[in-house]
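By the count of this note's numbering, the sequence shown reaches residue 103 at its end, each step adding exactly one. Using N, Cα and C, we set each Cβ at its ideal position, and we do this for glycine too.
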Amino acid sequence: MGLKIIDEKVFERMKQLIRMLHERSKNMVPKSAKGEWVDNQDVLLLLGISLRTLQSYRDRGVLPYSQIGHKCYYKLSDVQLLLEKSRIDKSLKNKR
């Protein structure tokens with residue numbers, strides 16, 4: 008491929024358009040009411056589970072998700088809700 012030379016004004020305009028597209032693309036990232044979505048890796052770290060367990064949670068409907076292509080996304084609020092529902096309070100068990 009040969010070297011291509013473009014006018015400096017054209018180059019500056021291209022940079023300006025790329026910056027504008029970058030800013031607009033930031034607004035296209037899905038946001039939940041609580042604020043953000045996380046991917047498989049984030050959920051694995053947050054819950055301390057394996058990829059297979061996460062797959063099982065999706066299959067059984069334990070954790071809702073959205074899928075774009077081959078990538079799964081989870082509302083952070085859903086992950087936090089799962090943690091809260093799974094919480095075990097031993098102090099309540101001892102009072103029985």
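Quiz prompt | Unbroken beta strand (DSSP E) run spanning V45, endpoints | solution = W44 to D46
Exercise. Kindly identify the DSSP beta-bridge partner or partners of Q74.
Key: C79
Quiz item: Does the count of Cβ pairs from the region 42 to 62 and the region 15 to 28 closer than 8 Å reach three?
Solution: no
Quiz item: Quick one: is K82 buried, meaning 16 or more other Cβ sit within 10 Å of its Cβ, or exposed?
Solution: buried
Practice problem: Using only alpha-carbon positions, find the residue among Q62, R31 and S32 that is nearest to D46. | Solution: Q62
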